[in-house]
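Student: Just dropping this structure here.
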């Protein structure tokens, strides 16, 4: 169950780093690495079977979706659309898992 969180962590961190490398956008770097860290820590908690791993993954998906969905609607560029899809997919997956366990 932690594999999607680690995958999303890597994708977010990579995306933020690439956004910074291409445009020099510090907000992209901070947001990508920050959200990636949230997903990474949630994956760690899930792997250790500790409390709040699923909740943190849901929160990271909400933050990512809240940042990318409006941008995807406004710009219609492929990267915001892809990140929005990842946020929705990750959020749906972890909400489903949360409902299964609670």
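In my numbering, the protein residues as written are 62 to 163.
Don't be surprised by glycine CBs; every beta carbon is placed ideally from N, CA and C.
All values reported here derive from a predicted model rather than from experimental measurement.
(1) Assuming residue 122 and residue 152 are in contact, meaning their beta carbons sit under 8 Å apart, how far apart are those beta carbons, in whole angstroms?
(2) For the ligand HEM, is there any heavy atom lying closer than 8 Å to the beta carbon of residue 118?
(3) Roughly how many angstroms separate the alpha carbons of residue 114 and residue 126, rounded to a whole number?
(4) Write down the C-beta distance between residue 93 and residue 101 rounded to the nearest angstrom, noting that I regard them as a contact closer than 8 Å.
(5) What residue range is occupied by the uninterrupted alpha helix (DSSP H) comprising residue 129?
Tutor: This is what the structure gives:
(1) 3 Å
(2) The model depicted lacks the ligand HEM and carries no ligand whatsoever.
(3) 18 Å
(4) Actually they do not touch by this definition, with Cβ atoms about 12 Å apart.
(5) 114-136
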